[in-house]
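A.B. asks:
In our numbering, the protein residues as written are 359 to 674.
1. Looking only at its own chain, which residues have a Cβ that is under 7 Å from the Cβ of residue 414, when we skip the five neighbours before and after it?
2. What's the C-alpha gap between residue 509 and residue 469?
3. Beta carbon of residue 376, beta carbon of residue 447: below 7 Å?
4. So if DSSP puts residue 539 in a beta bridge, which residue, or which two residues, is it bridged to?
5. If you follow the beta strand (DSSP E) that residue 473 is part of, which residue opens it and which one closes it?
6. Tell me whether the stretch 526-535 and the stretch 583-594 touch, counting them as touching only if at least three CB pairs, one residue from each stretch, are closer than 8 Å.
7. Evaluate the contact criterion for the stretch 428-435 versus the stretch 371-390: three or more CB pairs, one atom per stretch, below 8 Å.
8. Identify every residue that forms a DSSP beta bridge with residue 617.
9. Taking residue 497 and residue 474 to be in contact with their CB atoms under 8 Å, please state how far apart those CB atoms are, rounded to whole angstroms.
10. Does DSSP put residue 406 in a helix, a strand or coil?
11. Apart from the five residues just before and just after residue 540, which ones in its own chain have a Cβ nearer than 7 Å to its Cβ?
12. Distance check for residue 537 and residue 419, CA to CA, integer angstroms please.
13. Shortest alpha-carbon distance to residue 562 belongs to which of 542, 551 and 576?
14. Tell me the rounded alpha-carbon separation between residue 472 and residue 365.
15. With distances taken Cα to Cα, identify the nearest neighbour of residue 488 among 455, 361 and 609.
16. In whole angstroms, give me the CA-to-CA distance for residue 359 and residue 670.
17. Flag residue 445 as yes when its Cβ comes closer than 6 Å to any non-hydrogen atom of the ligand COA, and as no otherwise.
18. Residue 516 and residue 491 look like a contact to me (Cβ under 8 Å); what is the Cβ gap, rounded to whole Å?
19. According to DSSP, simplified to helix, strand and coil, what is residue 385?
20. When you compare the CB positions of residue 479 and residue 452, do they come within less than 7 Å of one another, or not?
21. Taking C-alpha atoms, which residue in 657, 461 and 421 lies nearest to residue 437?
22. Between the Cα of residue 373 and the Cα atoms of 389, 361 and 606, which residue gives the shortest distance?
23. Tell me whether residue 481 sits in a helix, a strand or coil according to DSSP, three-state version.
24. Do residue 560 and residue 623 have their C-beta atoms within less than 7 Å of each other?
25. Note down the Cα distance separating residue 649 from residue 399, rounded to an integer number of angstroms.
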């Protein structure tokens with residue numbers, strides 16, 4: 359267990375999952391939120407995540423019983439002065455993140471690593487006006503943060519090797535299988551691959567090739583079977599190899615969507631205020647019962663896949 363607490367700024371959807379993940383490995387955590395009300399709302403959700411980890415035998419009885427003793431909740435960034443590693447998980451807005459970093463630089467030592475949980479903002483941009491840019495790094499978590507093995511580490515132009523090493527070490531200590539994105543490009547690794555798929559799927563709908571449900575079902579029954587075990591390159595090797603796929607690409611790639619504009623099907627829904635299960639309106643309509651059922655189904659799936667991955671691909 360680390361003696362110095364780890365700071366987490368932001369207790370939203372991902373932030374509270376990060377807090378739970380750290381507490382599960384018996385790290386002391388100082389969590390910063392905008393208000394006491396935010397902390398009050400987050401606390402039972404963090405507790406629920408730890409209960410879930412305990413039920414999955416991912417958490418010792420001692421750690422489960424003592425987690426509240428290791429969590430400090432505050433609204434003051436100044437309370438992070440003793441931290442040697444801080445994870446920022448505020449809203450995906452450049453000005454907001456820079457304001458947080460301005461406050462941190464007045465608070466912590468020059469050696470403290472500052473990791474930004476960002477999915478799209480370049481780390482190199484966040485580093486540009488910083489006093490010690492080498493200690494800034496991207497740390498892209500995925501929901502549910504307390505359960506998945508995923509953690510993407512992004513090297514900014516100024517990020518030092520020592521910062522990379524410290525971040526990788528912490529990632530493994532909290533049960534992640536970290537990947538390092540060596541170039542600071544928009545969307546990093548996973549989101550770039552994912553958004554290419556989303557764009558093509560939306561274009562198929564726009565062109566009348568298939569509807570949302572048909573595309574979801576098709577991918578669930580194919581991609582859903584191999585993606586957890588292989589990834590794209592291993593899958594190519596297992597199903598014909600580069601020679602076969604290169605020939606297919608000659609025919610298919612010129613026909614794929616390449617427009618930089620947001621595809622019409624999702625743009626129209628966004629304009630109508632569709633926020634998925636949060637307000638019952640997305641590519642599908644959801645009752646409250648429907649939303650809970652899908653969340654529960656996905657949660658069970660995550661644990662089943664994680665158990666298989668832990669057995670087949672142990673984290674070293």
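Backbone N, C-alpha and C define an ideal beta-carbon position, used for all residues, glycine too.
C.D. replies: Reading it off the structure:
1. Taken in chain order, the residues that qualify are 661.
2. 22 Å
3. yes
4. 512
5. 471-474
6. no
7. yes
8. In DSSP, residue 617 forms no bridge with anything.
9. Between the beta-carbon of residue 497 and that of residue 474 there is about 7 Å, and that keeps the pair under the 8 Å contact cut.
10. helix
11. So the list reads 513, once near-sequence residues are dropped.
12. 30 Å
13. 576
14. 9 Å
15. 455
16. Model confidence at residue 359 stands at a pLDDT of 41, short of 50, so the residue's coordinates are unreliable; what they give is reported in the following sentence. Their Cα atoms are separated by approximately 27 Å.
17. In terms of ligand content, the structure shown is empty, and the ligand COA therefore cannot be addressed.
18. For residue 516 against residue 491, the beta-carbon gap comes to about 4 Å, under 8 Å, which counts as contact.
19. coil
20. yes
21. 461
22. 389
23. DSSP places residue 481 in helix when its eight states are reduced to three.
24. Taking 7 Å as the Cβ cut-off, residue 560 and residue 623 qualify as a contacting pair.
25. 20 Å
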